[in-house]
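Asker:
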Amino acid sequence: ASSDGRSKRYALQGSRWRVKKLTYKISKYPRILEKSAVDKDVSRAFSVWSEYTDLTFTQKRSGQVHIEIRFERGEHGDGDPFDGPGGTLAHAYFPVYGGDAHFDDSEHWSINSYRGTNLFQVAAHEFGHSLGLSHSDVKSALMAPFYRGYEPNFILDSDDIQGIQALYGQQTLSSSGSESTDTKVNSKTTVPPPGEEDTQLCSDSKIDTMFDSAEGHSYAFKGDHYWKLTTDGIASGYPRLISNSWHGLPGNIDAAFTYKNGKTYFFKGSKYWRYIGKKIDGDYPKDISEGFTGIPDNIDAATVWTGNGKIYFYKGTKFWRFDPAQRPPVKSTYPKLISNWEGIPNNIDAALTYHGYTYFFKGDMYYRFNDRTFSVDVADPAFPRSTAYWWFGC
Amino acid sequence: VKTREAIPVTALSENNAMSYLSQFGYLPPTNPTSGGFITQETMTKAISEFQSFAGLNVTGDLDNETSTLMSLPRCGVKDKVG
Numbered sequence: 001a002s003s004d005g006r007s008k009r010y011a012l013q014g015s016r017w018r019v020k021k022l023t024y025k026i027s028k029y030p031r032i033l034e035k036s037a038v039d040k041d042v043s044r045a046f047s048v049w050s051e052y053t054d055l056t057f058t059q060k061r062s063g064q065v066h067i068e069i070r071f072e073r074g075e076h077g078d079g080d081p082f083d084g085p086g087g088t089l090a091h092a093y094f095p096v097y098g099g100d101a102h103f104d105d106s107e108h109w110s111i112n113s114y115r116g117t118n119l120f121q122v123a124a125h126e127f128g129h130s131l132g133l134s135h136s137d138v139k140s141a142l143m144a145p146f147y148r149g150y151e152p153n154f155i156l157d158s159d160d161i162q163g164i165q166a167l168y169g170q171q172t173l174s175s176s177g178s179e180s181t182d183t184k185v186n187s188k189t190t191v192p193p194p195g196e197e198d199t200q201l202c203s204d205s206k207i208d209t210m211f212d213s214a215e216g217h218s219y220a221f222k223g224d225h226y227w228k229l230t231t232d233g234i235a236s237g238y239p240r241l242i243s244n245s246w247h248g249l250p251g252n253i254d255a256a257f258t259y260k261n262g263k264t265y266f267f268k269g270s271k272y273w274r275y276i277g278k279k280i281d282g283d284y285p286k287d288i289s290e291g292f293t294g295i296p297d298n299i300d301a302a303t304v305w306t307g308n309g310k311i312y313f314y315k316g317t318k319f320w321r322f323d324p325a326q327r328p329p330v331k332s333t334y335p336k337l338i339s340n341w342e343g344i345p346n347n348i349d350a351a352l353t354y355h356g357y358t359y360f361f362k363g364d365m366y367y368r369f370n371d372r373t374f375s376v377d378v379a380d381p382a383f384p385r386s387t388a389y390w391w392f393g394c
Numbered sequence: 395v396k397t398r399e400a401i402p403v404t405a406l407s408e409n410n411a412m413s414y415l416s417q418f419g420y421l422p423p424t425n426p427t428s429g430g431f432i433t434q435e436t437m438t439k440a441i442s443e444f445q446s447f448a449g450l451n452v453t454g455d456l457d458n459e460t461s462t463l464m465s466l467p468r469c470g471v472k473d474k475v476g
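These protein sequence lines map, in sequence, to chains A and B. Numbered by the numbering used here, the letters in the first sequence go through residues 1 to 394 in order. Numbered by the numbering used here, the letters in the second sequence go through residues 395 to 476 in order.
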């Protein structure tokens, strides 16, 4: 057992990819190996993880990908310089930090050889981080932090398998219906379960609004329909009609948010509705001017800002802050200009708080807001990012 | 077979061990300009945590086995992720 008494085993960092079809590119190759050989070994390293899950990994030569791979020496732009031969061999970023993997090109990388440092084993370890695994204190695990030298008969330790399946579930039935690891090739080619990729949202990802329910589910509204989002993309069996679930609620909703009282508020034109879960909570609709004095009709978006827990409404080039605990709930200093939210465009479609961040959506792109710097987050790839790609699993 | 992997350097100095433990999450990040000062107790605790994670005898001392392991090639990601 570890010093804190818990049994030794894998560790999860806390983030994972929302989609299972991941892409990668090798932006910078090692100096001393054939590119085609590196491509093959990197692909083999990814298959260590696709072997036991429904994850698939597709190499791309350019453009936006989930995981970027680079062989670099010394300082290479992420503030975590490599240290020459030996010592640190490589590092990778967890999904919430982008998922990229960097390898120290001062190492003597080798393939299928006792000489040098084995590329396949180190890459498979680093991709474990890119998928959300932290270091394991099980010595035989691939995710143990120390390089153990070339292992010609490498097999993934049960500890690693438990870890990756805790994140992404087990490999489901392949297209042939049999469940076994040798159907990996089939499972790679199986059509994703219905609903995981939605043609309507993937062809036009502009939405009316997005919000989190009190139960923590994320929903996207568009026209008369809605979709439930899962960690992997779109839940199967969607879209569904809004009015079939939220009885009394019309389509083409302007905005929605769930407040800390656990109630969800929907806005359309000059009216608003209040629900607990999917059950209407009283005699609605009411006038916005009645329940949200100081807030205009026909708003674009609304959200509870992660920075201070207050309710923010956005319309055109302006925004309002609504604080139910204050009288009046909207200070006379409002509205203010959305341009105060550095990097956020005017006329947004939706705003959502998710996992401690506030996201803004406009057209088919979205922005993540950094509450500390009070500006759009700096990340790689930069914002705005494709909503369809990163939220809807397209 | 002679490999070209880094041959474990001889015992790590206390200072190097401190930056190693800081780099991999056992000690708070040190600010190189202020020469972070830590108590012996903190250092002993950090060494013990590393020894436990790495499956070594937990002595709290920077013994030869521990400093040799610290010299081995490894992944640059922290062992302890906040």
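Virtual Cβ for every residue (Gly too), placed ideally from N, Cα, C. From a predicted model like this one, the values you see are computed outputs, not experimental measurements.
Report the rounded CA-to-CA distance for residue 328(A) versus residue 293(A), giving the unit in angstroms.
Answerer: Within the first sequence, numbered from 1, the residue matching residue 328(A) stands at position 328. Within the first sequence, numbered from 1, the residue matching residue 293(A) stands at position 293. Distance between the alpha carbons of residue 328(A) and residue 293(A) is about 8 Å.
Asker: Only counting runs of 3 or more residues, tell me where the beta strand (DSSP E) segments fall wholly within the stretch 83–107 of chain A, in order along the chain.
Answerer: You should have 88–92 and 101–104.
Asker: Please report the Cβ distance between residue 146(A) and residue 466(B), rounded to the nearest whole angstrom; I am assuming they are in contact, meaning their Cβ atoms lie under 8 Å.
Answerer: On the first sequence, residue 146(A) is found 146 positions in, with the first residue counted as 1. On the second sequence, residue 466(B) is found 72 positions in, with the first residue counted as 1. Correct: roughly 5 Å between the Cβ atoms.
Asker: Can you tell me which of the three DSSP states residue 78(A) falls into?
Answerer: What you label residue 78(A) is simply residue 78 of the first sequence in a count that begins at 1. Three-state result, residue 78(A): coil.
Asker: Does the beta carbon of residue 162(A) come closer than 8 Å to any beta carbon on chain B?
Answerer: Walking along the first sequence from the start, residue 162(A) turns up at place 162. With 8 Å as the cut-off, residue 162(A) does not count as an interface residue toward chain B.
Asker: How about residue 356(A) and residue 18(A): do their beta carbons lie closer than 8 Å?
Answerer: Within the first sequence, numbered from 1, the residue matching residue 356(A) stands at position 356. Within the first sequence, numbered from 1, the residue matching residue 18(A) stands at position 18. Not a contact, by the Cβ cut-off of 8 Å.
Asker: On the three-state DSSP scale, how would you describe residue 142(A)?
Answerer: By 1-based counting over the first sequence, the position of residue 142(A) is 142. Coil, per DSSP.
Asker: Determine whether the Cβ of residue 454(B) lies closer than 8 Å to any Cβ atom of chain A.
Answerer: Start at 1 with the first residue of the second sequence, and residue 454(B) comes out as number 60. Chain A contact via Cβ: absent.
Asker: Going by alpha carbons, who is nearest to residue 171(A) out of 201(A), 222(A), 54(A) and 139(A)?
Answerer: By 1-based counting over the first sequence, the position of residue 171(A) is 171. With distances taken between Cα atoms, residue 171(A) lies closest to 54(A).
Asker: Do we get a CB-CB distance below 8 Å when we pair residue 95(A) with the residues of chain B?
Answerer: As a first step, residue 95(A) must be located in the first sequence, where it is residue number 95. Residue 95(A) does not count as touching chain B.
Asker: If you follow the alpha helix (DSSP H) that residue 25(A) is part of, which residue opens it and which one closes it?
Answerer: Stepping through the first sequence from its first residue, residue 25(A) is reached at position 25. Premise fails: residue 25(A) lies in the beta strand (DSSP E), 21–28, not in any alpha helix (DSSP H).
Asker: Opposite residue 359(A) in the DSSP bridges: which residues?
Answerer: On the first sequence, position 359 is the one that residue 359(A) refers to. Answer is 352(A) and 368(A).
Asker: Are there 16 or more other CB atoms within 10 angstroms of the CB of residue 92(A), so buried, or fewer, so exposed?
Answerer: Along the first sequence, read from residue 1 onward, the residue named residue 92(A) stands at position 92. Residue 92(A) comes out buried.
Asker: Can you have a look at residue 106(A) and say buried or exposed, based on whether 16 or more other CB atoms are within 10 angstroms of its CB?
Answerer: Taking the first sequence and counting its residues from 1, one reaches residue 106(A) at position 106. Buried.
Asker: Since residue 41(A) contacts residue 101(A) with CB under 8 Å, what's their CB separation in whole angstroms?
Answerer: Indexing the first sequence from 1 puts residue 41(A) at position 41. Indexing the first sequence from 1 puts residue 101(A) at position 101. Between residue 101(A) and residue 41(A) the Cβ distance is about 13 Å, and since that is not below 8 Å, they are no contact.
Asker: Can you check whether the CB of residue 391(A) is closer than 8 Å to the CB of residue 366(A)?
Answerer: For the purposes of this step, residue 366(A) is taken as residue 366 along the first sequence, with counting starting at 1. For the purposes of this step, residue 391(A) is taken as residue 391 along the first sequence, with counting starting at 1. Yes.
Asker: Report yes or no: do the stretch 216–227 of chain A and the stretch 369–384 of chain A share at least 3 C-beta pairs separated by less than 8 Å?
Answerer: Verdict: no, contact absent.
Asker: Just verifying my parser: in three-state terms, what is the DSSP assignment at residue 278(A)?
Answerer: Mapped onto the first sequence, residue 278(A) falls at position 278. Three-state result, residue 278(A): coil.
Asker: So is residue 423(B) in contact with chain A if we call contact Cβ pairs under 8 Å?
Answerer: The count along the second sequence starts at 1 and reaches residue 423(B) at position 29. Chain A contact via Cβ: absent.
Asker: Any idea if residue 127(A) is buried or exposed, counting beta-carbon neighbours within 10 angstroms, 16 or more meaning buried?
Answerer: On the first sequence, position 127 is the one that residue 127(A) refers to. Burial call: buried.
Asker: Three Cβ pairs or more, each shorter than 8 Å: is that satisfied between the stretch 22–34 of chain A and the stretch 62–82 of chain A?
Answerer: A contact exists between the stretch 22–34 of chain A and the stretch 62–82 of chain A.
Asker: How about residue 314(A) and residue 321(A): do their beta carbons lie closer than 8 Å?
Answerer: Counting from 1 along the first sequence, the entry for residue 314(A) is found at position 314. Counting from 1 along the first sequence, the entry for residue 321(A) is found at position 321. Not a contact, by the Cβ cut-off of 8 Å.
Asker: In chain order, what residues of the same chain have a beta carbon less than 6 Å from the beta carbon of residue 473(B), not counting five sequence neighbours either side?
Answerer: Mapped onto the second sequence, residue 473(B) falls at position 79. 418, 419 and 447, listed in sequence order.
Asker: Using a C-beta cutoff of 8 Å, does residue 90(A) count as contacting chain B?
Answerer: By one-based count along the first sequence, residue 90(A) stands at place 90. Cβ-Cβ to chain B under 8 Å: yes for residue 90(A).
Asker: Looking at chain B, is there any beta carbon in it that lies within less than 8 Å of the beta carbon of residue 126(A)?
Answerer: Along the first sequence, read from residue 1 onward, the residue named residue 126(A) stands at position 126. Cβ-Cβ to chain B under 8 Å: yes for residue 126(A).
Asker: Three or more C-beta pairs under 8 Å: does that hold for the stretch 280–300 of chain A against the stretch 253–265 of chain A?
Answerer: Yes: the two stretches touch, three or more of their Cβ pairs being nearer than 8 Å.
Asker: Compare the C-beta of residue 447(B) against all C-beta atoms of chain A and say whether one is closer than 8 Å.
Answerer: Looking up residue 447(B) in the second sequence gives position 53. For residue 447(B), the answer is yes, since a Cβ of chain A falls inside 8 Å of its Cβ.
Asker: What are the boundary residues of the beta strand (DSSP E) that includes residue 69(A)?
Answerer: Working through the first sequence from its first residue, we reach residue 69(A) at position 69. Looking at the DSSP string, the run of the beta strand (DSSP E) that includes residue 69(A) is 67–72.
Asker: Checking contacts by CB at 8 Å: is residue 120(A) closer than that to chain B?
Answerer: In the first sequence, counting from the first residue as 1, residue 120(A) sits at position 120. Cβ-Cβ to chain B under 8 Å: no for residue 120(A).
Asker: Establish whether the CB of residue 185(A) and some CB of chain B are separated by less than 8 Å.
Answerer: By 1-based counting over the first sequence, the position of residue 185(A) is 185. Model confidence at residue 185(A) stands at a pLDDT of 30, short of 50, so the residue's coordinates are unreliable; what they give is reported in the following sentence. Not one chain B Cβ lies under 8 Å of residue 185(A).
Asker: Got a sec? Which residues, its chain only, sit under 7 Å from residue 383(A) by beta carbon, not counting five neighbours each side?
Answerer: Here residue 383(A) refers to the residue found at position 383 of the first sequence. Here the set comprises 367, 368, 376 and 377.
Asker: Under the three-state reduction of DSSP, which class applies to residue 180(A): helix, strand or coil?
Answerer: Translated into the one-based positions of the first sequence, residue 180(A) becomes position 180. Because residue 180(A) carries a pLDDT of 35, less than 50, the predicted location of this residue cannot be relied on, and the following value inherits that uncertainty. DSSP places residue 180(A) in coil when its eight states are reduced to three.
Asker: For the beta strand (DSSP E) containing residue 388(A), list its first residue and its last residue.
Answerer: Locating residue 388(A) in the first sequence gives position 388, counting from the first residue. Per DSSP, residue 388(A) belongs to no beta strand (DSSP E); it is in the alpha helix (DSSP H), 387–391.
Asker: Going by DSSP, name the residue or residues bridged to residue 272(A).
Answerer: As a working note, residue 272(A) is residue 272 in the first sequence. Residue 272(A) pairs with 267(A) and 286(A).
Asker: Between the alpha carbons of residue 308(A) and residue 277(A), how many angstroms are there, rounded?
Answerer: Looking up residue 308(A) in the first sequence gives position 308. Looking up residue 277(A) in the first sequence gives position 277. About 24 Å.
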